[in-house]
Amino acid sequence: MNTPETPITNTGDKRPNAPRTWKNRSRIWGIPVATLAIWAALFLVACALPALPVPGMSGMITIGAIMSAISGMVLGPAAAIGNAAGGLISILLFPYGFNVAGVFSFIPAMIGGLVGGLLFTNKWAWAGIIELLVIGSWFVNPKAWQPMMWIVPLPFSVVALLVIFVGPLRNWVRRKILELDKVWMWPAVALMVIVTHSAEFLTTNSMTNWIMNLSWQYWVPTWLYWVGVDAVIIVIGTFIGVGIMTGLRKARLTHIVDVMEK
Amino acid sequence: MIGATFVQKDTPIHSLDGRTKLLALMVIFTLVLVFTDPIYVLGLLALVMLAWGAAKIPLSSIKGILQFFGWIALIILLLNLFFYPGETNLFRISGPVAVIGFSGYITLEGILFGVAMVLRLLVIMIVAPLLVMTTPLPDLMLALVKIKVPYRFAFIMTTALSLLPAIQNRASIISQAQLCRGVSDFEGGKIWDKLRVMANMMIPLILGTFRDSQTLDVAMSSRAFGAPIKRTFFMESHFHSFDYVVIAFSCLLMVTGIVLRVLHLGVI
Numbered sequence: 001m002n003t004p005e006t007p008i009t010n011t012g013d014k015r016p017n018a019p020r021t022w023k024n025r026s027r028i029w030g031i032p033v034a035t036l037a038i039w040a041a042l043f044l045v046a047c048a049l050p051a052l053p054v055p056g057m058s059g060m061i062t063i064g065a066i067m068s069a070i071s072g073m074v075l076g077p078a079a080a081i082g083n084a085a086g087g088l089i090s091i092l093l094f095p096y097g098f099n100v101a102g103v104f105s106f107i108p109a110m111i112g113g114l115v116g117g118l119l120f121t122n123k124w125a126w127a128g129i130i131e132l133l134v135i136g137s138w139f140v141n142p143k144a145w146q147p148m149m150w151i152v153p154l155p156f157s158v159v160a161l162l163v164i165f166v167g168p169l170r171n172w173v174r175r176k177i178l179e180l181d182k183v184w185m186w187p188a189v190a191l192m193v194i195v196t197h198s199a200e201f202l203t204t205n206s207m208t209n210w211i212m213n214l215s216w217q218y219w220v221p222t223w224l225y226w227v228g229v230d231a232v233i234i235v236i237g238t239f240i241g242v243g244i245m246t247g248l249r250k251a252r253l254t255h256i257v258d259v260m261e262k
Numbered sequence: 001m002i003g004a005t006f007v008q009k010d011t012p013i014h015s016l017d018g019r020t021k022l023l024a025l026m027v028i029f030t031l032v033l034v035f036t037d038p039i040y041v042l043g044l045l046a047l048v049m050l051a052w053g054a055a056k057i058p059l060s061s062i063k064g065i066l067q068f069f070g071w072i073a074l075i076i077l078l079l080n081l082f083f084y085p086g087e088t089n090l091f092r093i094s095g096p097v098a099v100i101g102f103s104g105y106i107t108l109e110g111i112l113f114g115v116a117m118v119l120r121l122l123v124i125m126i127v128a129p130l131l132v133m134t135t136p137l138p139d140l141m142l143a144l145v146k147i148k149v150p151y152r153f154a155f156i157m158t159t160a161l162s163l164l165p166a167i168q169n170r171a172s173i174i175s176q177a178q179l180c181r182g183v184s185d186f187e188g189g190k191i192w193d194k195l196r197v198m199a200n201m202m203i204p205l206i207l208g209t210f211r212d213s214q215t216l217d218v219a220m221s222s223r224a225f226g227a228p229i230k231r232t233f234f235m236e237s238h239f240h241s242f243d244y245v246v247i248a249f250s251c252l253l254m255v256t257g258i259v260l261r262v263l264h265l266g267v268i
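If you read the protein sequences in the order shown, they are chains A and B. Heads up, the first sequence is in my numbering, so the first residue is 1 and it goes up one at a time. Heads up, the second sequence is in my numbering, so the first residue is 1 and it goes up one at a time.
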């Protein structure tokens with residue numbers, strides 16, 4: 001059955017023969033707005049569950065950190081939109097989260113989702129540029145040049161940069177996740193979660209440093225704690241990420257892999 | 001599960017335009033992050049309590065949120081007592097522990113900063129739900145669109161807000177089902193056990209709600225979501241005289257706060 005087409009510019013799909021219908025306007029980077037709304041609601045629910053305290057500051061790290069760590073694999077770059085929407089509302093509804101930048105505290109989750117999503121959809125150059133900007137925003141702060149402050153972004157950012165810029169490693173990570181390899185999917189998902197989470201936590205660290213003007217006296221003694229927190233988030237994110245990616249493919253539910261395959 | 005939902009009342013706060021409430025919220029959020037002197041933060045808390053009183057909503061309606069506050073406040077207070085680099089030593093409790101940055105003394109600045117951080121969190125925790133509890137979802141969406149938030153983004157936000165109870169309910173059903181199957185208690189255990197149980201709950205939750213998203217997508221498509229037409233709203237919002245008063249007061253408060261901060265007042 002033919003459906004009437006409207007003379008508008010197709011913004012959602014860049015393929016040469018993409019249908020020029022308004023249906024594409026109900027999608028953002030190929031992901032239906034409905035799916036993004038659902039993701040935002042899930043992110044919101046996760047933000048209601050406090051997990052770990054933030055030493056020396058008000059607020060808690062919530063399960064939302066795990067959701068944003070896997071968002072890039074599930075939604076692609078559109079994860080940035082879902083995370084931003086969920087993050088914004090969570091500030092209103094569950095304000096005990098770590099909202100160091102007030103209403104702008106959704107930005108780290110947005111950046112994390114964007115970097116992870118861009119990498120997963122093989123737009124690695126953009127992912128790399130954003131990751132470098134995030135790392136740069138840490139080192140632009142004069143406090144970042146105090147003794148030992150260089151260790152703060154070190155552990156996971158190095159892995160993230162390796163995954164983004166080393167072609168064979170990047171391709172292996174993407175391929176193993178897309179193939180749902182039973183064994184190698186686990187480390188591949190872990191690396192993808194590290195990339196996403198490192199972009200998120202370094203954005204948070206940078207914003208915190210600029211806003212709170214923190215020095216090495218805060219960061220260096222708490223460094224081990226933060227590495228532990230990030231490791232816990234990455235491990236749990238890997239478990240959930242593998243389950244979600246396998247489940248979405250087997251149940252044939254709409255996610256970024258469908259968009260990539262089309 | 002916890003959270004704030006709209007409470008119907010006939011009060012000046014409820015009748016305010018959504019845009020006015022968003023502006024006031026933004027100002028309070030900014031100022032509470034600007035000041036670190038407990039007296040100034042206490043002033044903001046008094047202002048927020050006044051708004052709660054005017055909205056005629058009992059604070060007990062956010063007891064789910066506030067029940068977290070007690071122990072979070074305690075952690076924040078203790079951490080600042082020990083680690084804030086103050087100068088006025090009050091009493092010594094141990095020798096210096098350089099590796100964790102602890103001087104061995106409890107300082108006056110540490111106590112003041114700890115109290116300010118607790119008050120700051122309290123202000124944030126009680127001001128944010130007030131917006132949601134005094135603004136119906138359509139009004140909130142309209143306010144977002146009117147302040148030029150893209151419609152699709154505003155739609156995602158308000159849909160997420162409206163889906164929250166359904167997803168919380170689903171999460172509760174999944175946790176009950178897992179308890180029936182012998183999964184350890186969600187409330188007890190160590191942090192690691194809790195996180196592991198959480199992972200077991202999140203996978204079916206995410207997959208189940210993703211299935212629902214397909215139904216929502218079809219429903220939206222059948223209502224021509226994204227059609228290239230000028231969107232209109234059944235309800236229109238307008239500023240009233242009280243809105244202008246609140247906007248003027250918010251702007252004045254913001255300017256005063258910035259001036260005070262520039263003069264290094266309101267900080268420890």
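All residues carry an ideal CB built from backbone N, CA and C; glycine is no exception.
Measuring only the C-alpha atoms, how far is residue i from residue j?
| i | j | result |
| --- | --- | --- |
| Met260/A | Ile28/B | 43 angstroms |
| Arg211/B | Ala128/B | 31 angstroms |
| Phe153/B | Ala85/A | 7 angstroms |
| Glu236/B | Ser213/B | 29 angstroms |
| Leu169/A | Leu162/A | 8 angstroms |
| Ser60/B | Thr121/A | 47 angstroms |
| Phe225/B | Arg27/A | 10 angstroms |
| Leu31/B | Gly72/A | 34 angstroms |
| Phe35/B | Thr256/B | 12 angstroms |
| Phe201/A | Pro108/A | 7 angstroms |
| Asn169/B | Ala73/B | 29 angstroms |
| Phe233/B | Pro85/B | 54 angstroms |
| Pro228/B | Ala116/B | 50 angstroms |
| Val218/B | Leu260/B | 53 angstroms |
| Pro50/A | Ile244/A | 22 angstroms |
| Thr9/A | Ala40/A | Note that Thr9/A scores 48 on pLDDT, short of 50, meaning its location in the model is unreliable; the coordinates nonetheless yield the value given after this. Near 27 angstroms, if we compare the C-alpha coordinates of Ala40/A and Thr9/A. |
| Ser94/B | Lys143/A | 29 angstroms |
May I ask you to report which of helix, strand or coil DSSP gives residue i?
| i | result |
| --- | --- |
| Gly86/B | coil |
| Gly97/A | strand |
| Arg120/B | helix |
| Met235/B | coil |
| Leu180/A | coil |
| Phe43/A | helix |
| Ile147/B | coil |
| Ile256/A | helix |
| Ile8/A | Per-residue confidence for Ile8/A stands at a pLDDT of 46, beneath the threshold of 50, marking its modelled position as unreliable; the derived number appears in the next sentence. Ile8/A falls in the coil class under three-state DSSP. |
| Phe91/B | strand |
| Ile126/B | helix |
| Asn2/A | Confidence at Asn2/A is low in this model, with a pLDDT of 45, below 50, so its placement is unreliable and no value can be given for it. |
| Arg223/B | coil |
| Pro165/B | helix |
| Ile229/B | coil |
| Met148/A | coil |
Out of the options, which has the shortest C-alpha to C-alpha gap to residue i?
| i | options | result |
| --- | --- | --- |
| Gly104/B | Val115/B, Gly110/B, Phe113/B, Arg92/B | Arg92/B |
| Ala80/A | Thr238/A, Leu191/A, Gly113/A | Gly113/A |
| Leu81/B | Leu216/B, Leu22/B, Leu108/B | Leu108/B |
| Asn200/B | Ala188/A, Ile240/A, Val33/A, His197/A | Ile240/A |
| Lys63/B | Ile66/A, Leu44/A, Phe94/A, Val159/A | Phe94/A |
| Trp210/A | Phe98/A, Phe139/A, Met192/A | Phe139/A |
| Leu119/A | Asn205/A, Gly76/A, Trp29/A, Gly64/A | Gly76/A |
Mind checking residue i: buried by the 16 CB within 10 Å criterion, or exposed?
| i | result |
| --- | --- |
| Ile70/A | buried |
| Tyr244/B | exposed |
| Ile173/B | exposed |
| Glu131/A | buried |
| Pro7/A | Low confidence applies here, because Pro7/A scores a pLDDT of 46, under 50, leaving its location unreliable; read the following figure in that light. Pro7/A is exposed by the Cβ-count criterion. |
| Lys148/B | exposed |
| Glu179/A | exposed |
| Val152/A | buried |
| Cys180/B | exposed |
| Cys251/B | exposed |
| Arg175/A | exposed |
| Arg223/B | exposed |
| Asn171/A | exposed |
| Phe113/B | buried |
For the segment 148-177 of chain B, which residues have a beta carbon sitting closer than 7 angstroms to at least one beta carbon of chain A? Arg152, Phe153, Phe155, Ile156, Met157, Thr159, Ala160, Leu161, Leu163, Leu164, Ile167, Gln168, Ala171
Chain A contacts from the segment 65-84 of chain B (Cβ-Cβ distance under 8 angstroms): Taking 8 angstroms as the Cβ-Cβ cut-off against chain A, the residues of the segment 65-84 of chain B that qualify are Ile65, Phe68, Phe69, Ile72, Ile75, Ile76, Leu79, Asn80, Phe83, Tyr84.
Compile a chain-ordered list of the residues in the segment 33-45 of chain A whose CB is closer than 9 angstroms to at least one CB of chain B. For the segment 33-45 of chain A, the set of positions with a beta-carbon nearer than 9 angstroms to some beta-carbon of chain B reads Val33, Ala34, Thr35, Leu36, Ala37, Ile38, Trp39, Ala40, Ala41, Leu42, Phe43, Leu44, Val45 in chain order.
Beta carbons nearer than 8 angstroms to chain B: which residues of the segment 212-229 of chain A have them? Gln217, Tyr218, Val220, Pro221
With 7 angstroms as the limit, tell me which residues of the segment 243-258 of chain A have their beta carbon closer than that to any beta carbon of chain B; keep them in chain order. Sequence-ordered contacts of the segment 243-258 of chain A with chain B read Gly243, Ile244, Gly247, Leu248, Ala251, Leu253, Thr254 [C-beta pairs closer than 7 angstroms].
When Cβ atoms are compared, which residues of the segment 30-59 of chain B fall closer than 9 angstroms to chain A? Thr30, Val32, Leu33
Going along the segment 215-244 of chain B in order, which residues come within less than 7 angstroms of chain A, judged by CB to CB distance? Leu216, Asp217, Met220, Ser221, Phe225, Gly226, Ala227, Pro228
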